[in-house]
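Read through the structure below, which is laid out as structure tokens, and then see the notes.
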Amino acid sequence: MKLTKARNLYLICILAVAVFVGGMSSCKNDKKDSRGQIDKNAVAQIGFYETYKYPDIAQDISNLSETAGKPTLFQNSNNGNYDGPAVCTAQKSDTAAINAIIAKYGPEILPSDLKLTWTLTPFDNLYELIALKTDTLGKPAMTGESIIEAKVTHTNVYGFAIYITLDKEGGKKFSKLTSNNIGHALAVVFKDKVMSYPIVNCQIKGGKVEITGNFTEQVANDFVDIFYGKK
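In structure tokens form, the structure reads like this:
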């Protein structure tokens, strides 16, 4: 398990639209979706989490490694300049062993509001372990219950994406959440897997969010189907 510089993902403000991307993009597919009504139970499983910057928990991770006997899985190659939320990267075959170490030693060593969660899809065949920050009940800062529409879009740079619209109250919450986290990553999580973790560079108003996460067209459509209760 090696700590590496994660992908540069940024939350970019464009005409009051929240865009979860790694750079400037534009929506090519803006057709009205005809799936019906959003399944509130499904979208409630989406969480928007604040995150830790790695330097803020580096000592905790080091203590975890020491306690676990310095397993080779916890070797890292960080050069000291990375300040994103990715704690480490690992092949899928190693994630279970890492989870076991975290479950065994983490409760006594790691901050109580730190939740370490793997990315949904790999990047260069490696999954990233993201440092999420929870509330006192272990919950995200905001859930997806405010989602009123979702559809698949296509960006110039990052391929297929999921474009969601929040209701008025959700838009206000999201605006406040981004305002409080400028310079930090904001993670989008579905069923305990991180879909994306862009860095917020400004307050986002308008309640419209585009999520990229190295999705294929099929995966993006599957997610939207789930949001509409079709799967």
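First residue of the sequence shown: 151, per my numbering; consecutive thereafter.
All C-beta atoms, glycine included, are put in the ideal place defined by N, C-alpha and C.
If you compare the alpha carbons of Ile207, Glu200 and Thr269 with that of Asn364, the shortest gap goes to Thr269. In the three-state reduction of the DSSP assignment, Leu214 falls in the helix class, which pools H, G and I.
Looking at Lys301, Thr328 and Glu319, the one whose alpha-carbon comes closest to that of Tyr378 is Lys301. The segment 192 to 209 makes contact with the segment 231 to 239: 3 or more CB pairs, one atom from each, lie closer than 8 Å.
Ile196 carries a strand assignment under DSSP once its states are collapsed to helix, strand and coil. Collapsing the DSSP output to three states places Gly294 in a helix. DSSP places Ser262 in the coil class of the three-state scheme, outside both helix and strand.
The criterion of a C-beta distance shorter than 7 Å is satisfied by Ala337 and Leu282. Out of Asp342, Gln353 and Gly321, the CA that lies nearest to the CA of Asn330 is found in Gln353. Annotation: the continuous alpha helix (DSSP H) that includes Val369 extends over Glu367 to Phe377. By the neighbour-count criterion, in which 16 or more other beta carbons inside 10 Å mark a residue as buried, Leu327 falls on the buried side. Rounded to whole angstroms, the Cβ separation of Thr245 and Tyr277 is 6 Å, and the two are in contact under 8 Å. Less than 7 Å divides the Cβ of Ile298 from the Cβ of Thr315.
Under DSSP, Tyr313 forms a beta bridge with Lys301 and Glu360. The beta carbon of Asn213 is closer than 8 Å to those of Ile259 in its chain, skipping five residues each way along the sequence. Collapsing the DSSP output to three states places Leu270 in coil. The alpha-carbon of Ile312 is positioned some 8 Å away from that of Phe373. C-alpha of Thr267 to C-alpha of Ile280: approximately 5 Å in a straight line. Judged by their CB atoms, Gly356 and Ile196 are not nearer to each other than the 7 Å cut-off. Taking Lys323 as the centre and dropping the five residues before and after it, the same chain places the C-beta of Met292 closer than 6 Å to its C-beta, in chain order. The criterion of a C-beta distance shorter than 7 Å is satisfied by Phe310 and Ala370. CA-CA distance, Val350 to Gly186, rounds to 31 Å.
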